[in-house]
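J.:
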Amino acid sequence: MRRCIVWLFAIILFSSVGCDCGDITQGCKEDSDCTGRACKVEKCWCKEGVCTDFGGPCANDADCHETEQCKNGTCVSKRCGSDADCPDGEKCNTLLGTCYKDTSGCTDDTSCTNGKVCCDLGDGQGTRCNFPKCLVHEDCQTGSKNTCVKPITCEGSATAACIGGVCKCEEPCGG
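Heads up: the sequence shown is residues 0 to 174, going by numbering that gives the first Met the number 0.
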């Protein structure tokens with residue numbers, strides 16, 4: 000009896016591993032309707048009202064998700080060769096052949112996240128979200144070319160200094 004229970008447990012355990020979108024009976028209207036309904040988040044996408052596995056069988060690219068292409072009868076992740084191969088707002092890392100979110104082109108600090116600020120890269124290179132860390136004392140002073148760091152004004156004989164990547168007012172030695 001004990002052996003039967005162990006086998007039953009093993010069968011139940013292994014039958015739940017590898018479940019796929021085919022187990023989903025509800026219809027869908029968009030990819031987000033399929034998220035969380037499979038064993039892995041974002042394992043499925045919505046194709047013609049049915050949640051479908053990524054990496055499924057295909058006859059041509061039209062059978063695959065927009066981020067995939069048909070190779071040898073199977074949908075595989077697309078490789079990019081240029082920015083034109085990527086979705087809007089993404090750029091191509093041509094060395095890896097993968098698309099990534101473009102973090103450049105911010106307009107102000109509100110367009111950045113996770114404590115980053117909008118920085119002017121200078122020399123007409125545009126803007127990019129970056130952490131506001133100073134590298135040298137001059138970064139903290141008015142007129143600095145480091146646009147990621149907001150200059151600070153110190154009172155009295157204190158001067159703006161970069162200490163551990165943060166601008167702070169520092170009194171002169173012996174003062």
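The beta carbon of each residue, even a glycine, is placed where N, CA and C say it ideally should be.
Please read all numbers here as calculations on a predicted model, not as lab measurements.
1. Could you tell me which residues DSSP puts in a beta bridge with proline 56?
2. To the nearest angstrom, how far is the alpha carbon of glutamate 137 from that of threonine 152?
3. What three-state label does DSSP hand aspartate 119 in the structure shown?
4. Who are lysine 149's beta bridge partners in DSSP?
5. DSSP three-state label for cysteine 139, please.
6. Taking the CB atoms as reference points, tell me whether cysteine 45 and cysteine 27 lie closer together than 8 Å.
7. Which of the three DSSP states is assigned to threonine 126 in this structure?
8. Could you compute how far the alpha carbon of glycine 54 sits from the alpha carbon of leucine 94?
9. Roughly how many whole angstroms lie between the Cα atoms of aspartate 60 and arginine 78?
10. Excluding the 5 residues flanking aspartate 107 on each side, which residues of the same chain have their C-beta closer than 6 Å to its C-beta?
11. Answer yes or no: do proline 171 and lysine 149 have a C-beta to C-beta separation smaller than 8 Å?
12. Using beta-carbon positions only, say whether cysteine 128 and glycine 164 come within less than 8 Å of one another.
13. Name the DSSP beta bridge partners of glutamate 169, please?
14. What does the Cβ neighbour count give for threonine 126, buried or exposed, with the cut at 16 atoms within 10 Å?
15. Sort Cys105, Thr109 and Ser110 by Cα distance to aspartate 119 and report the nearest one.
16. Looking at the unbroken beta strand (DSSP E) that takes in lysine 90, where does it start and where does it end?
17. Here's the rule: buried if 16 or more other CB atoms are within 10 angstroms of the residue's CB, otherwise exposed. What is asparagine 145?
18. If you measure from the CB of aspartate 138, is any heavy atom of the ligand MN nearer than 7 Å?
T.: According to the data block:
1. Translated into the one-based positions of the sequence shown, residue 56 becomes position 57. Beta-bridge partners of proline 56 (DSSP): Thr73.
2. The residue labelled residue 137 in the question sits at position 138 within the sequence shown. The residue labelled residue 152 in the question sits at position 153 within the sequence shown. Going by the C-alpha atoms only, they are around 12 Å apart.
3. Position 120 of the sequence shown, counted from the first residue, corresponds to residue 119. Residue state, collapsed to three classes: strand.
4. Taking the first residue of the sequence shown as 1, we reach residue 149 at position 150. Lysine 149 is not bridged by DSSP to any residue.
5. Indexing the sequence shown from 1 puts residue 139 at position 140. Correct three-state label for cysteine 139: helix.
6. Mapped onto the sequence shown, residue 45 falls at position 46. Mapped onto the sequence shown, residue 27 falls at position 28. Yes, these two residues count as a Cβ contact at 8 Å.
7. Taking the first residue of the sequence shown as position 1, residue 126 is located at position 127. Three-state result, threonine 126: strand.
8. Locating residue 54 in the sequence shown gives position 55, where the first residue counts as 1. Locating residue 94 in the sequence shown gives position 95, where the first residue counts as 1. Glycine 54 and leucine 94 have their C-alpha atoms roughly 23 Å apart.
9. Your numbering for residue 60 matches position 61 in the sequence shown. Your numbering for residue 78 matches position 79 in the sequence shown. Looking at the two C-alpha atoms, the distance is approximately 13 Å.
10. Here the question's residue 107 lines up with position 108 in the sequence shown. Cys117, listed in sequence order.
11. Numbered from its first residue, the sequence shown carries residue 171 at position 172. Numbered from its first residue, the sequence shown carries residue 149 at position 150. Inclusion of proline 171 and lysine 149 in the CB contact set at 8 Å is not warranted, their separation being larger than that value.
12. The count along the sequence shown starts at 1 and reaches residue 128 at position 129. The count along the sequence shown starts at 1 and reaches residue 164 at position 165. Between cysteine 128 and glycine 164, the C-beta spacing is not below 8 Å.
13. Within the sequence shown, the letter at position 170 stands for residue 169. Paired residue(s): Thr158.
14. Start at 1 with the first residue of the sequence shown, and residue 126 comes out as number 127. The residue in question, threonine 126, is buried, as its Cβ has 16 or more Cβ neighbours within 10 Å.
15. Here the question's residue 119 lines up with position 120 in the sequence shown. Per the Cα distances, Cys105.
16. The sequence position of residue 90 within the sequence shown is 91, counting from 1. Segment 89–92, the beta strand (DSSP E) holding lysine 90.
17. Here residue 145 refers to the residue found at position 146 of the sequence shown. Its Cβ being crowded by 16 or more others within 10 Å, asparagine 145 is buried.
18. Inclusion of the ligand MN in the displayed structure is not the case, the ligand content being empty and no account of it being possible.
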